[in-house]
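Going by my numbering, the sequence shown opens with residue 1, and the numbers climb by one from there.
All C-beta atoms in this analysis are idealised placements derived from N, C-alpha and C, irrespective of residue type, glycine included.
Note that this is a predicted model, so its numbers are computed, not measured.
Down below is the structure, laid out as structure tokens.
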Amino acid sequence: MSNNDIIVSLDIGTSKVRAIIGEVTNGTFNIIGVGSADSEGIRKGAIVDIDQTVQSIRSAVEHAEQMVGIQISEVYVGISGNHIGLQSSHGVVAVQNEDREIGEDDIDRVIKAAEVIALPPEREVIDVVAKQYIVDGLEGIQDPRGMIGVRLEVEATIITGAKTPIHNLLRCVEKSGLKVKDLVLMSLGAGGLALSKDEKSMGSVLVDIGAGSTTIAIYQEGSLCATSTIPIGGEFVTNDIAYGLRTLTDQAEKVKLKYGCAWIDDAASDVVFKVLRIGSNVEKEFTQEDLAAIIEPRVLEIFHLISQEVKRLGYNELPGGYILTGGTVSMPGVLKAAQTELSASVRIAVPDYIGVRDPGFTGGVGILHNVVRRYRWRSGGSGNKKTAGRSKPTAAPSQETVSKPGFVERLKNMFSEFI
């Protein structure tokens, strides 16, 4: 990765497919373009129709290309789902340099040694994340390069996934005319972006509430230690609204986005809207309070299920509390509902970049953040965690530039698109 490289992430969700273009310039990272398209062919976070998914990916990528004026050829793809598993592993190698100085090759070898584990034939390794390195018995080392030693060990977390959903995901992206540079676990990317160092070390729960599913990732002692996906999300709120107001699902979604409030005490009785009743041409009037009376119980139920799942994973009252992200949490009142149901400290994480200041973009921006941090770690930069990909982590290639507008022009485009 040079000082002027373009990297692109692809976040394939149940309701939206998002392509986010990042640029590394003189060591600084910025978002320069975003493409978004309605997601077809995805149900509860899983691909159910490859052709429809391919079309959604193409639409999102074309949108991003038009905004920035470049041709996208390679992408980093986010992956999540209930098939993801974490497994602890340990790798040991002897330092090969004559002067016993630990170098990049030694780190690559010890990571590969940790990756050698027994896996069922239907599963494969997605990523290897080093928790700590041990040099001649000295523990707690985050970056052993340059140290003198004879024996190098690593304690790592192996991220595995089921081959079928992984290959279906890769197939969709490749049929869209794109090359998959690497797969990045969404929970890992979002955690690196959204959580502070203290939240990771003390223990906290990252909750990504999407349209079709909710992903829970538990961080403790500086690294990801458990993850789980429950098949419930914002779509269930939309369905409740459709039933409650007796209207079509697409009408219910529009009403939710415009007037939705997850906490009835914050809803206004004087905010009125009309919806077309299903099976008739008659419109009926409702207030925001009526809508909140439908939304609040479902949102409270979602957080109750999240709390139950965290307990099932074996964690209780983590000091860092809950950090919420995902498109569903941008609804007014969600924070109060979460604080009430979870009885813990709760905050909403939003990416701090122009054009993507929305919880729904945390996953996509987190993928780019993960790639940049990985590069900085390997080049001796400011990154503080080592991740090794399915293949040796390499720098992102420059995308083929076509007529790239100036920075001010790109900012104008972003504001017109998103604000």
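Buried or exposed, going by whether 16 or more other CB atoms sit within 10 Å of the CB of residue i?
i, result
"H167", "exposed"
"A130", "buried"
"D105", "exposed"
"Y259", "buried"
"N370", "buried"
"K256", "buried"
"Q71", "exposed"
"G146", "exposed"
"S176", "buried"
"T340", "exposed"
Take residue i and list the residues in its own chain whose beta-carbon comes closer than 6 Å to its own, dropping the five residues that flank it on each side.
i, result
"G45", "T14, G81, G212, S213"
"V17", "A37, S39, S56, I57, A60"
"D11", "R18, G78, G363, G364"
"S9", "I20, Y76, G364, I367, L368"
"K385", "Confidence in K385 is poor, its pLDDT being 37 and thus under 50, which makes the residue's placement unreliable; the coordinate value appears in the next sentence. None."
Rounded to whole angstroms, what is the Cα-Cα separation between residue i and residue j?
i, j, result
"E65", "A267", "39 Å"
"Y322", "Q308", "13 Å"
"L313", "A226", "7 Å"
"Q87", "E221", "16 Å"
"D51", "V205", "35 Å"
"T160", "L324", "24 Å"
"A118", "E124", "10 Å"
"E142", "S269", "A small fix is needed here, since residue 142 is Gln in this sequence, not Glu. Their Cα atoms are separated by approximately 55 Å."
"K470", "L224", "The chain is shown only over 1 to 419; residue 470 falls outside these bounds and no answer can be derived."
"F29", "V356", "14 Å"
"T434", "D208", "Since the first and last residues shown for the chain are 1 and 419, residue 434 lies out of range."
"Q96", "R374", "24 Å"
"I42", "T164", "15 Å"
"K181", "E174", "11 Å"
"P319", "E98", "46 Å"
"D265", "V272", "16 Å"
"T53", "G137", "49 Å"
"I7", "E74", "8 Å"
"E62", "G35", "7 Å"
So the beta strand (DSSP E) residue i belongs to, where does it begin and stop?
i, result
"L248", "Where L248 is concerned, there is no enclosing beta strand (DSSP E), given that its DSSP letter is neither H nor E."
"V24", "16-25"
"V128", "123-135"
"A268", "Counting along the chain, A268 falls outside any beta strand (DSSP E), and DSSP gives it neither H nor E."
"Q142", "Premise fails: Q142 is in no beta strand (DSSP E) and is neither H nor E."
"L86", "85-94"
"N30", "28-38"
"I72", "No beta strand (DSSP E) holds I72; DSSP gives it neither H nor E."
Below 8 Å CB to CB, which residues in the same chain sit around residue i once its five sequence neighbours on both sides are set aside?
i, result
"E283", "K274, V275, L276, R277"
Go to residue i, then tell me how far its alpha helix (DSSP H) extends in each direction, as first and last residue.
i, result
"T53", "50-68"
"V173", "163-175"
"R277", "Counting along the chain, R277 falls outside any alpha helix (DSSP H), and DSSP gives it neither H nor E."
"V110", "104-115"
Any heavy atom of the ligand ADP inside 7 Å of the beta-carbon of residue i?
i, result
"Q55", "The ligand ADP is absent from the structure shown, which contains no ligand whatsoever."
Excluding the 5 residues flanking residue i on each side, which residues of the same chain have their C-beta closer than 7 Å to its C-beta?
i, result
"A162", "H83, E122, R123"
"C172", "I47, I50, T53, V54, I57"
message: Which runs of the beta strand (DSSP E) at least 3 residues long sit entirely within the stretch 177-263? Give them in chain order.
response: If one requires a minimum length of 3 residues, the beta strand (DSSP E) runs lying completely within the stretch 177-263 are 179-185, 204-209, 214-220, 223-230, in chain order.
message: List, from N- to C-terminal side, the beta strand (DSSP E) runs of 3 residues or more that fit wholly inside the stretch 279-361.
response: Fully enclosed beta strand (DSSP E) runs of no fewer than 3 residues occupy 283-287, 322-325, 346-348 of the stretch 279-361, in order along the chain.
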